[in-house]
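S.K.: What follows is a single structure, and I will ask about it in a moment.
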Amino acid sequence: MKTVYDFHVRMTNGEEKSLEEYVGKPLLIVNTASKCGFTPQFKGLEELYEKYNEHGLMVLGFPCAQFNNQEFAAIEETVQFCQRNYGVTFPIFAKVDVNGDHADPLFTFLKEQKRGLLSKNIKWNFTKFLIDRNGQVVERYAPTTEPSRIEDDLKKLLSLSNV
């Protein structure tokens with residue numbers, strides 16, 4: 001059975017990285033954008049990362065310019081923007097397409113595992129996928145879902161009751 005850990009992604013410097021590095025860790029994978037109405041969600045994503053990273057959670061951000069080109073052209077500008085404006089310390093990867101003929105294989109897999117409300121395609125920036133410790137997609141959240149609303153699901157996944 002295929003898992004998220006079977007995929008390779010591109011880092012901001014262009015090098016490939018195996019997601020196998022995260023085996024045993026729950027993941028929150030998000031397609032992000034720096035110039036979107038949902039961009040302030042970076043703050044909530046960082047808060048979840050800071051609060052639950054010691055329990056194994058990794059938040060992985062994948063910038064995407066497919067929706068009204070709401071991402072900077074240069075990935076360095078994206079990373080600086082996220083760090084400067086939202087204090088982001090979780091990993092940000094190279095820009096990806098999440099839909100269409102050039103969709104990143106990771107996002108093709110994620111969409112196949114958890115469809116959206118009306119289709120499997122990602123409809124906008126900040127669609128979030130929660131991955132369990134076995135690399136399986138357990139939930140998909142709409143762009144409008146604030147990161148704080150994911151916290152209860154995270155606690156269950158991390159087997160935490162009073163954090």
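Residue 1 is where the sequence shown starts when you use UniProt numbering, and the numbers rise one by one after that. Using N, Cα and C, we set each Cβ at its ideal position, and we do this for glycine too.
Considering only the alpha carbon of each residue, which of L106, L28 and T12 lies closest to G56?
M.R.: If you compare the alpha carbons of L106, L28 and T12 with that of G56, the shortest gap goes to L28.
S.K.: Where do the ends of the beta strand (DSSP E) carrying P143 lie?
M.R.: No beta strand (DSSP E) contains P143, which DSSP labels as neither H nor E.
S.K.: Which of helix, strand or coil does DSSP assign to L27?
M.R.: strand
S.K.: Return helix, strand or coil for R84, following the three-state DSSP convention.
M.R.: helix
S.K.: For the candidate residues G100, K2 and Y86, whose alpha-carbon lies nearest to that of Y49?
M.R.: Y86
S.K.: Assign P105 to one of three DSSP states: helix, strand, or coil.
M.R.: The answer is helix: DSSP assigns P105 an H, G or I state.
S.K.: Would the beta-carbon of I131 fall within 8 Å of that of N99?
M.R.: no
S.K.: Exposed or buried, what is R140 when buried is set at 16 or more other beta-carbons lying within 10 Å of its beta-carbon?
M.R.: buried
S.K.: Pick helix, strand or coil for E16, following the three-state DSSP scheme.
M.R.: strand
S.K.: So for L157, helix, strand or coil by DSSP?
M.R.: Here L157 sits in helix by DSSP.
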